[in-house]
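> Sharing a structure, written as structure tokens. Questions coming.
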Amino acid sequence: ELKVEQNPLFLSMQEGKNYTIYCNYSTTSDRLYWYRQDPGKSLESLFVLLSNGAVKQEGRLMASLDTKARLSTLHITAAVHDLSATYFCAAFTGGGNKLTFGTGTQLKVEL
Amino acid sequence: NAGVMQNPRHLVRRRGQEARLRCSPMKGHSHVYWYRQLPEEGLKFMVYLQKENIIDESGMPKERFSAEFPKEGPSILRIQQVVRGDSAAYFCASSPQTGDEQYFGPGTRLTVT
């Protein structure tokens, strides 16, 4: 059974600082997603990573995938308050046609 | 192109009542997925349906929960005799084909009093 673990669970950081969220998954996965969720809202798709070594960037966020280590990272550069949200990674298994989500990282960027 | 629609957005039920959650997939999508998010947790897969068929219900509780996706109309997640532990946000997602990216709806937040 595929398991996905994220760390840290909570992250409080100051504006302007850099940090990385880690996502480990236990078995082979076809692709890896990162989502953002604001309180009381649905999930916003940020990135989909398809292959080993994939790197995608959008603004202050950059995601990467290492399929050999079964590890994905979400790097935040020069954080701003607007990035405060909960971030989830999710691994997709084509055989199961379902997403397995991590527990989420609650990010709070202090002004 | 309208996104995935769910209604109601908020639902309050007393213990023992039934809850019906509706999901209309994006236009052209025939695959629907239901996920549940308990407070302070990630989403957990419940069931995957295509029109008129349940493909994978491995995440559904064995009792009180059922899902359908009829030929016409929205997908329905039905919870009978709700208990306080059923309080959660229920998200529906849809995709055009199996294996494609899933697009999430706004969710239904169920509160059982």
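First to last, the protein sequences are chains A and D. Using the working numbering, read the first sequence as starting at 173 and increasing by one per residue. Using the working numbering, read the second sequence as starting at 9 and increasing by one per residue. Here a beta-carbon is modelled for each residue, glycine too, at the ideal position from N, C-alpha and C.
(1) Give the single residue among A:Ile248, A:Thr272, A:Asn269 and A:Thr277 whose Cα lies nearest to the Cα of A:Gly188.
(2) In chain order, which continuous runs of the beta strand (DSSP E) of length 3 or greater are located wholly inside the stretch 239-263 of chain A?
(3) Check this for me: beta carbons of A:Tyr259 and A:Leu243, under 8 Å apart or not?
(4) Please state the DSSP three-state secondary structure of A:Asp210.
(5) Using a C-beta to C-beta distance shorter than 8 Å, which residues of chain A count as neighbours of D:Ile62?
(6) Are the Cβ atoms of D:Val55 and D:Ala75 separated by less than 8 Å?
(7) Under 6 Å Cβ to Cβ from A:Phe219, same chain only, skipping five residues before and after it: list those, please.
(8) Cα separation between D:Val120 and D:Arg44?
(9) Report, in whole angstroms, the separation of the C-beta atoms of D:Phe129 and D:Gly115, which I expect to be a contact under 8 Å.
So, from the data block:
(1) Along the first sequence, read from residue 1 onward, the residue named residue 188 of chain A stands at position 16. Scanning A:Ile248, A:Thr272, A:Asn269 and A:Thr277 for the CA closest to the CA of A:Gly188 turns up A:Ile248.
(2) Taking only runs of at least 3 residues, the beta strand (DSSP E) segments lying wholly in the stretch 239-263 of chain A are 243-248.
(3) Locating residue 259 of chain A in the first sequence gives position 87, where the first residue counts as 1. Locating residue 243 of chain A in the first sequence gives position 71, where the first residue counts as 1. No, Cβ-Cβ distance for A:Tyr259 and A:Leu243 is not below 8 Å.
(4) Your numbering for residue 210 of chain A matches position 38 in the first sequence. It is coil, neither helix nor strand.
(5) Here residue 62 of chain D is taken as the residue at index 54 of the second sequence, counted from 1. Chain-order list of chain A residues neighbouring D:Ile62: empty, with the shortest C-beta distance near 12 Å, by a criterion of under 8 Å.
(6) Reading the second sequence from its first residue, position 47 is the one you call residue 55 of chain D. Reading the second sequence from its first residue, position 67 is the one you call residue 75 of chain D. It is a contact, given that the beta carbons lie within the stated cut-off.
(7) Along the first sequence, read from residue 1 onward, the residue named residue 219 of chain A stands at position 47. Same-chain partners within the cutoff: Trp206, Lys228 and Ala235.
(8) The residue you call residue 120 of chain D lines up with position 112 of the second sequence. The residue you call residue 44 of chain D lines up with position 36 of the second sequence. Their Cα atoms are separated by approximately 15 Å.
(9) Here chain D comprises residues numbered 9 to 121, so residue 129 of chain D is not present and cannot be evaluated.
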